[in-house]
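Here is the structure we will look at.
There are 2 protein chains.
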Amino acid sequence: MRDDSGERARGPLYRSVAADLREAITAGDYGSGGRLPAESTLAERYGVSRGTVRQALAALRADGLVTSRRGTRRVVLGTTRVQSFAELVSFTTWARSVGEDPGGRVEQLERRAADARESEQLRLEPGAEVVVVLRVRTLSGRPVMVERSVYPVWVGELVARIPADAVSHTEPLQEQGVVFADADHTIDLVLADADDARLLGCRAGEALLRERRRSTDPVGAPVEWSEDRYLPGTVAFTVHNSIAASALSRRHRRPH
Amino acid sequence: MRDDSGERARGPLYRSVAADLREAITAGDYGSGGRLPAESTLAERYGVSRGTVRQALAALRADGLVTSRRGTRRVVLGTTRVQSFAELVSFTTWARSVGEDPGGRVEQLERRAADARESEQLRLEPGAEVVVVLRVRTLSGRPVMVERSVYPVWVGELVARIPADAVSHTEPLQEQGVVFADADHTIDLVLADADDARLLGCRAGEALLRERRRSTDPVGAPVEWSEDRYLPGTVAFTVHNSIAASALSRRHRRPH
DNA sequence: TAGTGGTCTAGACCACGGG
DNA sequence: CCGTGGTCTAGACCACTAC
Numbered sequence: 001m002r003d004d005s006g007e008r009a010r011g012p013l014y015r016s017v018a019a020d021l022r023e024a025i026t027a028g029d030y031g032s033g034g035r036l037p038a039e040s041t042l043a044e045r046y047g048v049s050r051g052t053v054r055q056a057l058a059a060l061r062a063d064g065l066v067t068s069r070r071g072t073r074r075v076v077l078g079t080t081r082v083q084s085f086a087e088l089v090s091f092t093t094w095a096r097s098v099g100e101d102p103g104g105r106v107e108q109l110e111r112r113a114a115d116a117r118e119s120e121q122l123r124l125e126p127g128a129e130v131v132v133v134l135r136v137r138t139l140s141g142r143p144v145m146v147e148r149s150v151y152p153v154w155v156g157e158l159v160a161r162i163p164a165d166a167v168s169h170t171e172p173l174q175e176q177g178v179v180f181a182d183a184d185h186t187i188d189l190v191l192a193d194a195d196d197a198r199l200l201g202c203r204a205g206e207a208l209l210r211e212r213r214r215s216t217d218p219v220g221a222p223v224e225w226s227e228d229r230y231l232p233g234t235v236a237f238t239v240h241n242s243i244a245a246s247a248l249s250r251r252h253r254r255p256h
Numbered sequence: 001m002r003d004d005s006g007e008r009a010r011g012p013l014y015r016s017v018a019a020d021l022r023e024a025i026t027a028g029d030y031g032s033g034g035r036l037p038a039e040s041t042l043a044e045r046y047g048v049s050r051g052t053v054r055q056a057l058a059a060l061r062a063d064g065l066v067t068s069r070r071g072t073r074r075v076v077l078g079t080t081r082v083q084s085f086a087e088l089v090s091f092t093t094w095a096r097s098v099g100e101d102p103g104g105r106v107e108q109l110e111r112r113a114a115d116a117r118e119s120e121q122l123r124l125e126p127g128a129e130v131v132v133v134l135r136v137r138t139l140s141g142r143p144v145m146v147e148r149s150v151y152p153v154w155v156g157e158l159v160a161r162i163p164a165d166a167v168s169h170t171e172p173l174q175e176q177g178v179v180f181a182d183a184d185h186t187i188d189l190v191l192a193d194a195d196d197a198r199l200l201g202c203r204a205g206e207a208l209l210r211e212r213r214r215s216t217d218p219v220g221a222p223v224e225w226s227e228d229r230y231l232p233g234t235v236a237f238t239v240h241n242s243i244a245a246s247a248l249s250r251r252h253r254r255p256h
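The listed protein sequences derive, respectively, from chains H and S.
Each step along the first sequence adds one to the number in full-length UniProt numbering, with nothing skipped, and position 128 is 128.
Each step along the second sequence adds one to the number in full-length UniProt numbering, with nothing skipped, and position 62 is 62.
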């Protein structure tokens with residue numbers, strides 16, 4: 001109902017419905033383990049068709065908020081807030097969303113020919129130029145992560161114009177039309193090298209949590225390939241998946 | 001077209017369409033970076049409505065195989081095989097799918113009252129009984145992971161009947177009607193304790209990659225809460241997410 | 001058996017991309 | 001401008017759950 005009376009007019013209808021339901025769920029209106037109203041009931045309540053309600057519910061399902069099973073009403077799984085794509089790709093957006101004060105400083109920026117791995121990840125011809133950025137990320141001034149990002153030159157030129165102590169790189173990039181639409185992440189463990197140790201204030205050889213990420217724009221063109229190394233105990237990565245839609249997988253590494 | 005002529009008749013129509021498209025994509029029919037036919041074209045080709053085609057394409061989108069953008073045809077992102085939900089929850093299924101020889105041995109199995117954290121994770125009343133299993137997992141006889149699983153008794157009783165050296169626990173459980181439908185994973189880093197060191201053959205205090213996982217059945221009832229600790233260099237976790245459907249998130253840990 | 005979600009259809013209009 | 005995917009509707013039938 002909050003649809004015609006509410007201010008949440010912009011954008012698709014099903015998003016408004018999803019947002020409203022999400023709010024109700026996280027507010028505990030249905031309780032954890034409780035049942036949602038039937039699709040037909042919701043359709044009537046919001047004054048939309050059942051298809052639109054289903055589209056909204058599919059979003060909640062993908063976020064792991066509700067189950068769905070033929071024959072019974074949907075069950076509320078959890079009441080946890082789920083992070084958005086933006087919060088995931090951008091350290092800055094994420095940090096702010098958890099009430100932390102993010103910072104960053106570019107330690108090194110160079111333009112050079114891509115090595116084999118880089119050109120493969122960014123889908124460039126071998127030897128094409130890339131811009132490589134080494135950056136420390138902080139929370140409340142405390143270093144927590146070292147970020148090594150590689151960009152194709154058309155993105156890298158934009159990055160190079162950003163002040164070295166800018167909090168966010170993603171935001172100015174987006175303002176200039178660089179759109180992050182998809183990302184592949186690989187999470188594992190790595191030992192700190194001399195740079196890591198110096199920048200993070202830990203010992204060389206200490207274990208760090210590593211996230212490697214390749215982001216692509218809506219056309220599928222890679223816009224960034226980044227390797228982030230976190231101090232232990234500062235972050236954990238969480239994933240939800242279901243028999244309906246899975247995104248996570250293990251990857252094997254052969255010894256040596 | 002392979003629809004009416006094919007043998008892939010069982011199940012929803014859109015799955016057949018998705019499977020066929022997936023096959024064509026991984027076979028390279030459209031090339032990496034190529035364009036898919038328009039939805040209307042596919043609808044005509046398969047003799048289904050546009051809605052059904054969209055349902056199939058949504059599945060490919062969720063798997064990170066194709067992009068989609070208003071105004072242009074869908075772009076093929078990658079031709080990589082995507083792992084199934086089963087491969088994700090089950091070490092055994094995963095290991096086999098990458099051509100490794102999985103093994104396992106139960107080191108300890110006890111039935112006792114749940115502590116606070118356990119009863120919360122499994123949504124049991126405080127003090128309810130649980131079954132706790134400590135197990136080493138191997139690849140080709142080499143220990144790579146220590147698994148600490150906590151089950152509600154109704155599942156734990158089934159687990160207790162499985163031979164100590166059984167390769168898989170998930171498979172017998174599924175045969176007896178325990179269904180894993182959803183899972184939440186948290187990935188971070190932890191230091192090996194004395195048990196880990198003994199069972200994995202590493203030093204105590206060495207960093208391990210930790211995956212904590214809570215699995216629920218289709219009704220949303222928790223069936224397992226497990227903490228897996230991997231030797232460094234044996235696995236990496238990969239996640240795909242997009243602006244359309246995200247499942248991964250960071251989680252912050254306040255110092256101390 | 002009644003209610004529910006899962007699937008499928010046939011049509012409509014719109015917003016965006018690219019020629 | 002046209003073709004494309006994004007959104008939405010109204011209705012239909014089925015498979016399954018719970019009573």
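Note that beta-carbon positions come from the ideal geometry of N, C-alpha and C, so glycine has one too.
None of these values were measured; they are calculated from a predicted model.
Of the residues the options, the one placed nearest residue i, counting alpha carbons only
i: residue 179 of chain H; options: H/216, H/138, H/239; result: H/216
i: residue 194 of chain S; options: S/91, S/89, S/208; result: S/208
i: residue 206 of chain H; options: H/38, H/116, H/72, H/232; result: H/232
i: residue 218 of chain S; options: H/154, H/176, H/66, H/116; result: H/66
i: residue 14 of chain H; options: H/43, H/27, H/35, H/38; result: H/43
i: residue 169 of chain S; options: S/103, S/114, S/59, S/183; result: S/103
i: residue 115 of chain H; options: H/130, H/177, H/108, H/101; result: H/130
i: residue 113 of chain H; options: H/138, H/39, H/150; result: H/150
CB contact flag (residue i, residue j, <8 Å)
i: residue 32 of chain S; j: residue 64 of chain S; result: no
i: residue 189 of chain S; j: residue 189 of chain H; result: yes
i: residue 196 of chain H; j: residue 146 of chain H; result: yes
i: residue 226 of chain S; j: residue 210 of chain S; result: no
i: residue 135 of chain S; j: residue 105 of chain S; result: yes
i: residue 21 of chain S; j: residue 62 of chain S; result: no
i: residue 155 of chain H; j: residue 89 of chain H; result: no
i: residue 201 of chain S; j: residue 143 of chain S; result: yes
i: residue 182 of chain S; j: residue 238 of chain H; result: no
i: residue 76 of chain H; j: residue 17 of chain H; result: no
i: residue 109 of chain H; j: residue 133 of chain H; result: yes
Residue i: first and last residue of the uninterrupted beta strand (DSSP E) it sits in
i: residue 131 of chain S; result: 129 to 139
i: residue 257 of chain S; result: This structure cannot settle anything about residue 257 of chain S, because the visible part of chain S is limited to 1 through 256.
i: residue 187 of chain H; result: 182 to 191
i: residue 109 of chain H; result: 102 to 113
i: residue 35 of chain H; result: Counting along the chain, residue 35 of chain H falls outside any beta strand (DSSP E), and DSSP gives it neither H nor E.
i: residue 221 of chain H; result: Looking at the DSSP string, residue 221 of chain H is not in any beta strand (DSSP E), and its letter there is neither H nor E.
i: residue 147 of chain S; result: 142 to 152
i: residue 242 of chain H; result: 235 to 242
Where the alpha helix (DSSP H) through residue i begins and ends
i: residue 62 of chain H; result: 50 to 62
i: residue 46 of chain S; result: 39 to 46
i: residue 12 of chain S; result: Looking at the DSSP string, residue 12 of chain S is not in any alpha helix (DSSP H), and its letter there is neither H nor E.
i: residue 29 of chain H; result: It is not in any alpha helix (DSSP H) - residue 29 of chain H carries neither H nor E in the DSSP assignment.
i: residue 171 of chain S; result: 170 to 175
i: residue 69 of chain H; result: That residue, residue 69 of chain H, is in no alpha helix (DSSP H); it is neither H nor E in DSSP.
i: residue 79 of chain H; result: First-last for residue 79 of chain H: undefined, no H or E at that position.
i: residue 97 of chain S; result: 91 to 97
i: residue 123 of chain S; result: It is not in any alpha helix (DSSP H) - residue 123 of chain S carries neither H nor E in the DSSP assignment.
i: residue 197 of chain H; result: 194 to 200
Environment of residue i [buried if 16+ CB atoms lie within 10 Å]
i: residue 236 of chain S; result: buried
i: residue 165 of chain S; result: exposed
i: residue 6 of chain H; result: Reliability fails at residue 6 of chain H, whose pLDDT of 43 lies under 50, so the model's placement of it is uncertain and no value is given.
i: residue 94 of chain H; result: buried
i: residue 74 of chain H; result: buried
i: residue 161 of chain S; result: exposed
i: residue 99 of chain H; result: exposed
i: residue 240 of chain H; result: buried
i: residue 1 of chain S; result: At residue 1 of chain S the pLDDT is 38, less than 50, meaning the model places this residue with poor confidence and gives no usable figure here.
i: residue 28 of chain H; result: exposed
i: residue 101 of chain S; result: exposed
i: residue 163 of chain S; result: exposed
Under 9 Å from the C-beta of residue i: neighbouring residues of chain H
i: residue 69 of chain S; result: 181, 218, 219
Listed by chain order, chain S residues near residue i by CB distance under 9 Å
i: residue 189 of chain H; result: 189, 207, 208, 209, 230, 232, 233, 236
Partner residues on chain S for residue i, Cβ-Cβ distance less than 7 Å
i: residue 11 of chain H; result: Going along chain S, no residue has its Cβ under 7 Å from residue 11 of chain H, so there is no contact; the nearest lies around 13 Å.
i: residue 146 of chain H; result: Correct list: empty, because the minimum Cβ distance to chain S is about 15 Å.
Any non-hydrogen atom of the ligand PLP closer than 7 Å to residue i Cβ
i: residue 30 of chain H; result: Absence of the ligand PLP from the depicted structure is noted, as is the absence of any ligand whatsoever, leaving it without description.
Closer than 7 Å at the beta carbon, the chain H residues around residue i
i: residue 75 of chain S; result: 219, 220
i: residue 25 of chain S; result: Per Cβ cutoff of 7 Å: no residues; residue 25 of chain S is ~13 Å from chain H at best.
i: residue 33 of chain S; result: 220
Beta-carbon neighbours of residue i, restricted to chain H and to distances below 8 Å
i: residue 173 of chain S; result: Result: empty, since nearest Cβ-Cβ is about 15 Å, beyond 8 Å.
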